[in-house]
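See structure below.
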Amino acid sequence: MFLRTLSAVLLLSASAWGIDDYKLGPLSQENPAVPKGKVTQMPAHTSKIFEGTLRDWWIYVPAQYQADKPANLMVFQDGHDYVGLKGAWRVPTVFDNLIASGDMAPTIAVFLNPGHKGETKPASAWKNNNRGKEYNTLGDAYARFLLEEILPQVQKDYRLTDDPEGWAIAGASSGAICAFTVAWERPDRFRKVFSTIGSYVDLAGGHVYPSIIRLTERKPLRIYLQDGANDLDNPYGNWPLANQQMAKALEFMKYDYHFEFGDGQHNSKHGASLFPEAMKWLWRK
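Residue numbers (this note's numbering): 104 to 388.
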């Protein structure tokens, strides 16, 4: 009996140690043989649509970009978390590797922080005080912000494809529901969504999306979803259940979607480990 109990404890402990134990793969590591794109921090943007807000943002341009050949586009919310070369996501490195291998066409990335109102911005962009309003609110305001304020600045210097199949948008948590909302509102511009630990809960009414998806004619979207069994559960909702409901609604309406459900918590570990393969899937022909 003692030995059986001890074995069960050890097995449970080993299982617990493995929870959320995700690692970055080789495509998230810099390769000296691969041409490197350039990341430029842009002047801080003051918004008219989100009046009174200021935000930092960056642009990544791949080494293979040619002015006479329009590039694809991918927009990342909470851009500070994606733009670094040593962070969780390492988007410039992953893009360098996938563009060099031919798994992605030359793609310009735009990294946007949420807006902040006030003269003094917080030390962490996660605490920018307009994040919740911009990201969790349903409707077309954020899509208009991108199309009317941000992307025209990008297009002053770089050619972007006019094909909506070449426009993608991404985010995590509230940034994920923001990304989905943009594509849902403007599938004529954005057709691809990368969503991790998405907040499809009642922070600002986003819990209605599974029902809306089921009741609305299918839109020409391709969606990659990720979440984990140990994600948040609080008065606003249960994140694992919400993401499973999203996946089931997309399945019911026969969307082109992929859902990865692991054992992760409310962080980027699982999503970042999947990111290179997710990009191959999202950008496949």
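For glycine and all other residues, C-beta sits at the position ideal for the given N, C-alpha and C.
Everything numeric in this text was worked out from a predicted model, so none of it was measured.
Of PHE378, VAL257 and LEU157, the smallest CA-CA separation from GLU363 is found for PHE378. Beta-bridge partners of ASN341 (DSSP): ASP336. In this model, LEU353 and ILE316 are separated by some 7 Å (Cα to Cα). For a cut-off of 8 Å, the C-beta gap from PRO267 to ARG292 is around 5 Å, short enough to register as a contact. A Cβ-Cβ separation of about 20 Å leaves MET356 out of contact with ALA271 under the 8 Å criterion. Residue environment: ARG193 is assigned as buried (16 or more neighbouring CB atoms within 10 Å of its CB, all protein chains considered). It is roughly 13 Å from the alpha-carbon of ILE162 to the alpha-carbon of ALA174. Per DSSP, the unbroken alpha helix (DSSP H) holding ASN200 starts and ends at 194 to 204. Sequence-distant Cβ neighbours of TYR358 in its own chain, meaning closer than 7 Å and more than five residues away, are ARG321, LEU324 and ILE326.
Counting of Cβ neighbours within 10 angstroms places ARG387 among the exposed residues, the total staying below 16. When only Cα atoms are considered, GLU288 and PRO165 end up about 28 Å apart. Annotation: SER314 to SER131 spans about 36 Å, alpha carbon to alpha carbon. When DSSP states are grouped into helix, strand and coil, ASP266 belongs to the coil group. The DSSP-derived three-state label of PRO379 is helix. Within the DSSP secondary-structure output, SER298 pairs in a beta bridge with GLY274 and LEU328.
Non-local beta-carbon contacts of LEU201 in its own chain, meaning distances under 6 Å to residues more than five positions away in sequence, involve MET207 and MET382 in chain order. Exclusion of the five residues before and after ASN233 leaves PHE153, THR156, PRO217, GLY218, HIS219 and LYS220 as the residues of its chain whose Cβ lies within less than 7 Å of its Cβ.
Checking the DSSP bridge columns, you'll see LYS172 partnered with GLN169. The Cβ atoms of ALA203 and VAL137 lie closer than 7 Å to each other.
Counted as a single uninterrupted DSSP element, the alpha helix (DSSP H) harbouring VAL257 occupies residues 254 to 260.
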